[in-house]
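Engineer: Take this structure first; my questions come after.
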Amino acid sequence: MQAGFAMLEVGFARMKNVGTVVAKVVVNLSVASIMYWLVGFALAFGAANGWLFNLIGATGFAPTFHPGSVIDLPAIATSTAPAAAKFFFEFVFCAVSLAIVWGTMLERTKFIVYILFAIPFCALIYPLISHWLFGGGWLMSMFGSQDFAGSTVVHLTGATAGFAGLLLLGPRIGKYGRDRKPNAIPGHNMPIAQLGVLILWFGWFGFNPGSTLNATNLHFADVVVTTNLAAAAGALGAMLTIYRVQKSLDVGMIGNGAIAALVAITAPSGYVQPWAAVIIGAVAGVIVVYGVIAIDKWLDDPVGALSAHGLAGIWGTLSCGLFTDPALAKFNGVGQGGLFYTGSFGQLGAQALAVTVAFVTVFSLSFGTFWVIKKTV
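In the working numbering, the protein residues as written are 27 to 403.
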């Protein structure tokens, strides 16, 4: 998926900045690899043991592995996959979330800032939210908040951190005129950007189904189907919406429609039926178009990440509260059925709580980190 993000950003960037984009992707993947192994994995999936009121994991730092070993961490103990496989799969999620941060701040960030922010993000900020929703933390265990593969944990977290940095960073030179009207700064290569979309689309077939933590799981193929249907509906939804708005097609917006739909289906992919996946994806395609247009009036987000990952991540998380099949909620052992099945707002409330807590926490920690970096670098 890092290759997909690299191609997406290269396509949306201007020619003069493409070298920095690729270098940034490689370096951040490297920093994330080390920090998540050293600290992040333990904080996300380690046993809390009462530490900090069970808010975060406290075991499994810098883990070691042996052939066939199954690491004794409660949140992922039900899977029989090797310990190293579990670790690496969860690391990829962290690296994806970090990649989202930098899409919002494209073409105007000092290279050292990438490294300085990546360290606390991979060591604390991302693992904190991951523990609460993936690792058996309080949002998951006490309230039954559902996030099968990371609409909030991965995508909203990355977009929120990027939003915090964007507020401190400001726009690219020439983005806004004296009248504050936005000027288009087109990317230099839309075919490359859309290649990135297709790579990401394919990568999501590991991202969402892999969250079963077992390729032989009977639910694995179901998640593949819901993921693909949502992406298709999102691309078509965005295509129809942008054509209605500007009476012409926009290949970049169509690609963002697919991405937004993939983001949205990430949370409910293991909880909903195919018909619901189509609705979730189509709505995400509409959201991303209007979101990009509205955000562009005030904030310079070159790749549309705040809309495609932030707004779509919120929608996807909330959609669990509407469309979760009670049988699948029972199968996954988290939460209850959605409003359209049960007539109850209980699951929708749990989803809204997760979104709110994640946004406030990530924004506060990220803004503080970026503020310190801005004052010292």
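From the three backbone atoms N, C-alpha and C, an ideal C-beta is built for every residue, glycine too.
Let me check understanding here. Comparing Cα to Cα, which of E35, V329 and L288 lies closest to G229?
Structural biologist: L288
Engineer: Comparing C-alpha positions only, which one of G163, S156, D173 and G184 sits nearest to G66?
Structural biologist: S156
Engineer: List in chain order: all unbroken alpha helix (DSSP H) runs of 4+ residues lying wholly within the segment 117-189.
Structural biologist: 137-146, 152-159 and 164-167
Engineer: What residues are listed by DSSP as bridge partners for P208?
Structural biologist: Y202
Engineer: Assign Q28 to one of three DSSP states: helix, strand, or coil.
Structural biologist: helix
Engineer: Considering just the uninterrupted stretch of the alpha helix (DSSP H) at N240, what are its terminal residues?
Structural biologist: No alpha helix (DSSP H) contains N240, which DSSP labels as neither H nor E.
Engineer: Looking only at its chain, what residues have a beta carbon closer than 6 Å to the beta carbon of C346, apart from the 5 residues adjacent to it on each side?
Structural biologist: Q172, A293, P294, Y297 and Q377
Engineer: Is it buried or exposed for K136, if we count other Cβ within 10 angstroms and need 16 for buried?
Structural biologist: exposed
Engineer: Looking only at its own chain, which residues have a Cβ that is under 7 Å from the Cβ of W341, when we skip the five neighbours before and after it?
Structural biologist: A290, V309, A310 and I313
Engineer: Along the alpha helix (DSSP H) that carries P26, what are the first and last residues, could you check?
Structural biologist: Any property of residue 26 remains undetermined from this structure, which presents the chain solely from 27 to 403.
Engineer: How big is the Cα-Cα spacing for T85 and V51?
Structural biologist: Distance between the alpha carbons of T85 and V51 is about 29 Å.
Engineer: Check whether the Cβ atoms of T178 and G339 lie closer than 7 Å to each other.
Structural biologist: yes
Engineer: Report back the beta-carbon spacing between A219 and M33 to the nearest angstrom; my notes put them in contact at under 8 Å.
Structural biologist: 7 Å
Engineer: Suppose only complete runs of 4+ residues qualify. What are the alpha helix (DSSP H) ranges in the segment 292-334, listed by chain order?
Structural biologist: 300-322
Engineer: Which of the three DSSP states, helix, strand or coil, is assigned to Q272?
Structural biologist: helix
Engineer: Near I285, what residues of its chain come up, given a Cβ to Cβ distance below 7 Å and the 5 sequence neighbours on each side ignored?
Structural biologist: Cβ neighbours of I285 beyond the five flanking positions: V223, L226 and A334.
Engineer: If we count the other Cβ atoms within 10 Å of its Cβ and call it buried at 16 or more, is P93 buried or exposed?
Structural biologist: exposed
Engineer: First and last residue of the alpha helix (DSSP H) that includes I340?
Structural biologist: A338 to F349
Engineer: Verify whether the separation of the beta carbon atoms of F38 and V329 is less than 7 Å.
Structural biologist: Going by C-beta atoms, F38 is nearer than 7 Å to V329.
Engineer: Under the rule that 16 or more other beta-carbon atoms within 10 Å means buried, what is V118, buried or exposed?
Structural biologist: buried
Engineer: Report, in whole angstroms, the separation of the C-beta atoms of A121 and A58, which I expect to be a contact under 8 Å.
Structural biologist: 4 Å
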